[in-house]
Every structure is written in C-alpha cells, then in structure tokens.
Amino acid sequence: MAKLNAVLEIGTSKIVCLIERPGGEALTSVPGASLVRYDGIKNGKWSGYSAFAEDLMTAISGAESQVGKTIKSCSVGVPGCFCQIVFREGKKKIKGLVKEEDIDWLVNRLKPKNVENADLIDVRPAYFMDDRDNVYLNEPINLKTTTLRCGMTYFYGHKPFLDSVERALLSRKISVDKFICEPLAQALHYIPQQERDMTSAIVDIGYYSTGITIAYGDTILAHSSIDLGGSTVTNRLVSRLDIRENLAENLKRRHIFGIDLQPGEKVYAKDEAGRVVQFDAASIKNSIDEIADIVCTEVRRELYRYRNYLRKDAKIYLIGAGISMQGFDAYLKRQIHANLTLPPRNKYRGLPAIYNSGVALLDNNSATVYHLRGNEIGSKIRDKVNRFLNMK
Numbered sequence: 017m018a019k020l021n022a023v024l025e026i027g028t029s030k031i032v033c034l035i036e037r038p039g040g041e042a043l044t045s046v047p048g049a050s051l052v053r054y055d056g057i058k059n060g061k062w063s064g065y066s067a068f069a070e071d072l073m074t075a076i077s078g079a080e081s082q083v084g085k086t087i088k089s090c091s092v093g094v095p096g097c098f099c100q101i102v103f104r105e106g107k108k109k110i111k112g113l114v115k116e117e118d119i120d121w122l123v124n125r126l127k128p129k130n131v132e133n134a135d136l137i138d139v140r141p142a143y144f145m146d147d148r149d150n151v152y153l154n155e156p157i158n159l160k161t162t163t164l165r166c167g168m169t170y171f172y173g174h175k176p177f178l179d180s181v182e183r184a185l186l187s188r189k190i191s192v193d194k195f196i197c198e199p200l201a202q203a204l205h206y207i208p209q210q211e212r213d214m215t216s217a218i219v220d221i222g223y224y225s226t227g228i229t230i231a232y233g234d235t236i237l238a239h240s241s242i243d244l245g246g247s248t249v250t251n252r253l254v255s256r257l258d259i260r261e262n263l264a265e266n267l268k269r270r271h272i273f274g275i276d277l278q279p280g281e282k283v284y285a286k287d288e289a290g291r292v293v294q295f296d297a298a299s300i301k302n303s304i305d306e307i308a309d310i311v312c313t314e315v316r317r318e319l320y321r322y323r324n325y326l327r328k329d330a331k332i333y334l335i336g337a338g339i340s341m342q343g344f345d346a347y348l349k350r351q352i353h354a355n356l357t358l359p360p361r362n363k364y365r366g367l368p369a370i371y372n373s374g375v376a377l378l379d380n381n382s383a384t385v386y387h388l389r390g391n392e393i394g395s396k397i398r399d400k401v402n403r404f405l406n407m408k
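Residues 17 to 408, numbered by the working numbering, are exactly what the sequence shown covers, in order.
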C-alpha cells in the first residue's frame with residue numbers, strides 16, 4: 017500500500033495537518049486539511065504548552081477523517097523562529113576532476129562547530145564555482161578545475177521543539193519522516209525558479225511574528241524573525257479602545273489601507289454578543305496605521321541588513337495571513353520602497369490563505385536532504401555572483 021504524504025505545520029498560533037489523498041487524486045484534489053488554534057509559541061520561544069500533544073492529535077485526526085486513512089508517519093515543518101540557518105563559503109584544491117568525495121569534504125569541512133541546543137536537519141548548496149568563474153547550482157562531478165569554491169547552507173532545528181514534537185507523535189505511534197525548514201519550503205514553493213536564481217526574498221507576516229527570508233537557487237542564504245504580526249495590530253486596538261479581542265479582530269479585518277476618510281465618519285462592527293458597535297473611523301485608522309508603520313519599518317530594516325545579497329530590483333514576495341487587511345500589500349510596498357509582489361496562488365484553490373505554509377511544506381515533502389537541482393546557470397557571471405557573495 018502506498019505511503020500517505022502527510023505534513024504538519026506548527027505555527028505560532030495554529031497547528032495544520034495536510035494529507036494528500038491516496039492514488040491519482042493526490043495530483044488534482046484538495047488534500048485532507050485540518051487546523052487547530054493553539055498558543056505553543058510566544059515571543060519566538062517554546063512555551064511548554066500543556067495541551068500541545070492533544071491539539072496535535074486533533075489536527076491529525078481531522079485530516080485523517082477527510083481522506084479516510086490513518087497515517088503512520090509524517091514530515092514536520094520547523095517554524096523560522098526555531099530554525100538556525102548558517103551560510104558558509106569555502107574552497108578546495110582539486111587534483112584532476114571533481115569527485116563526489118570532494119563535495120563531501122567541503123560539506124563536512126564547512127559544517128559549523130558547536131551549534132548549541134540544535135540538530136542539523138538539512139544541508140543545501142547555494143553554488144559551486146570553478147577556475148573560470150563559471151557558476152553551477154548542481155554538483156559539478158567530473159568538472160576539470162584546480163580549485164572548487166562553494167557556498168553551503170546548513171539548517172538546524174531547535175532541539176527542545178524537535179523533541180517535543182517527536183514525543184507527542186510517538187504517543188500515538190506516529191514517526192517523523194523528516195523535519196523541514198519552513199522558510200526554505202516557502203521560498204522553493206512560492207518564488208519562481210528564475211527569480212530565485214537571481215536572488216529574491218520573502219516577507220511572511222504571521223499572527224505573532226514576521227519572517228524575512230533571502231532565497232538563492234535551491235536554498236536560502238539568510239532568515240530572520242521579528243516579533244510583530246497580526247496580533248500586534250489587534251492588541252493595539254484592544255488597548256486603545258478598551259475592547260475585547262474578538263471585536264478588535266473584526267475591526268481589523270474591515271480596515272482598508274489607503275482610503276480617505278470623511279469628517280465624522282463611523283465604523284461599525286459586531287462584538288462577541290452579536291451587537292453592532294459604532295466607532296470613530298479616524299481613531300481606528302490612526303491606531304492601525306501606527307502599528308502598520310512599525311511593522312513596515314522593521315521589515316525595511318531587515319531587508320536593508322541583507323542589501324549585499326539582494327540586487328536593487330530584486331522581487332520581494334509577500335505571504336502570510338497575519339495581517340489580512342485590504343490594501344496592505346500596496347501600503348507595505350510604498351513604505352519599504354521595494355519591488356513587492358504577491359506570489360501565484362497555490363494549486364489548491366479550495367484552501368484558504370491560512371493553509372499556505374502547510375501547502376508549501378506538502379509540496380516540498382518529497383525533497384531529500386542535500387538535494388541538488390540538475391541544471392547549470394550561465395557562465396562567466398563573476399560580476400553577478402560577487403554582487404552578493406564575499407569570495408575569498
């Protein structure tokens with residue numbers, strides 16, 4: 017019997033389980049999907065949430081019921097706040113032609129030492145370069161060169177997080193096939209290959225945090241997280257207006273960036289009891305815009321940190337359902353002065369945007385550790401590479 021392709025996305029505010037439908041349906045049908053809200057990650061740290069195992073099993077059971085099958089194993093996404101991503105560069109003298117053992121030597125030689133409280137979950141090459149400054153994204157086996165230079169990205173997962181997930185799944189006799197770095201999965205899924213080959217970035221706005229990822233080829237060069245997201249906007253409305261969270265969420269979703277208000281204009285929303293409540297539109301707009309400006313400033317600051325990686329016209333892809341407000345993409349684009357764009361819609365159009373990260377993980381679940389794409393990019397492109405790689 018064919019093995020079911022199943023993934024778990026464990027985000028800052030939700031657990032998602034996606035299971036591809038067995039047989040030919042996997043290519044055309046919306047996967048079994050289940051979502052459970054939880055509070056396991058706070059301020060980028062594992063909170064020791066007591067109901068984690070129970071919520072995990074609820075998410076899995078919900079997806080299993082939709083496909084009519086039970087899973088024995090699954091792959092698990094590691095959120096950006098629990099990933100440590102290290103990009104290293106090096107070189108090796110080659111005697112004759114490049115051999116597999118030369119690549120293995122570089123992988124082991126460049127591996128970071130003493131990474132505390134973390135396990136290595138993936139290794140991916142960013143590039144290889146020969147004597148003639150030709151750049152390859154695949155293993156250049158049998159290439160004739162006297163020196164082989166390369167860049168490698170090493171992906172580590174926060175050990176307490178990995179251990180908690182494995183223990184929870186083991187209680188139901190489910191094993192972990194592999195851990196997948198979520199920012200990497202998002203980059204490979206949402207950024208077209210031709211854009212990654214020129215370097216590009218993702219801004220993933222979640223509910224509690226926002227991730228910034230720099231992608232190149234079939235890997236990522238850097239990732240950072242900031243503790244700002246959709247909940248930051250909600251909390252500002254709660255404190256400014258002295259209202260409950262549900263009402264603040266309703267007001268947030270009704271907000272439209274970039275519209276002009278009329279004097280005395282009002283905004284209406286329903287509270288938790290279903291009653292319509294009236295607010296001054298200017299107060300709502302000012303409260304939301306203040307926080308949105310802070311989010312934009314921090315995103316712009318992080319992108320500036322990575323300016324040596326990104327060309328000036330590099331595409332920045334905006335994903336995430338953390339700030340689900342109309343016009344925010346255009347607002348962010350104006351604030352960060354970048355080539356911001358929205359990615360193509362995922363192939364499962366029946367799934368809401370809140371499942372986007374889970375879909376990226378499902379799409380990348382077939383990838384293997386140290387996977388190399390079998391094509392070469394260009395030749396004599398030293399100027400392009402040196403724009404963002406500090407070659408020795």
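Ideal Cβ placement from N, Cα and C applies to all residues, glycine included.
Check	Outcome
DSSP-derived helix/strand/coil call for Asn59	coil
The segment 63-78 in contact with the segment 344-362 per 3-pair CB rule at 8 Å	no
Per-residue DSSP class, three states only, for Pro176	helix
Arg37 classed as buried or exposed, judged by whether at least 16 other C-beta atoms fall within 10 angstroms	buried
Option in Ser191, Val181, Thr235, Leu185 with minimal Cα separation from Tyr206	Thr235
6 Å CB neighbourhood of Ala383 in its chain, flanking five on each side removed	Because the pLDDT of Ala383 is 48, which lies under 50, any placement of that residue in the model is unreliable, and the question is left without a value.
Collapsed DSSP secondary structure at Asn7 in the structure displayed	This structure leaves residue 7 out entirely; the chain is present only between 17 and 408.
The segment 197-214 touching the segment 309-322, judged by at least three CB pairs closer than 8 Å	no
Span of the alpha helix (DSSP H) around His205	198-206
Opposing strand residues paired with Gly227 [DSSP bridges]	Asp220, Ser241
Per DSSP, the bridge partner or partners of Ile332	Ala217, Leu356
8 Å contact criterion, which Ile87 and Ile101 should meet: CB distance rounded	The Cβ separation is near 28 Å, so there is no contact.
Leu51 to Cys312 span [Cα, whole Å]	29 Å
Contacts around Gly222, its chain only, beta-carbon distance under 6 Å, and the 5 residues preceding and following it disregarded	Thr28, Gly245, Gly336, Gly338
Own chain residues within Cβ distance below 6 Å of Tyr386, not counting five before or after	Its pLDDT being 40, under 50, Tyr386 is placed unreliably by the model, and nothing is read from it.
Beta-bridge partners of Arg104, as assigned by DSSP	Met168
Neighbour-count burial assignment, His353, 16 or more Cβ in a 10 Å radius	exposed
Inter-residue spacing [alpha-carbon to alpha-carbon] between Ala49 and Pro279	45 Å
Cutoff 6 Å; reference Lys331; Cβ partners in own chain excluding five residues on either side	Glu211, Ser216, Asn355, Thr357
Counted within 10 angstroms of its Cβ, other Cβ atoms place Lys30 as buried (16 or more) or exposed	buried
Three-state secondary structure (DSSP) of Ile307	helix
Nearest to His271 (by Cα), restricted to the options Asn302, Leu159, Ser255, Val292	Asn302
Nearest-angstrom Cβ-Cβ length linking Arg252 and Glu288, presumed shorter than 8 Å	At roughly 19 Å, the Cβ-Cβ gap does not stay under 8 Å, so Arg252 and Glu288 are not in contact.
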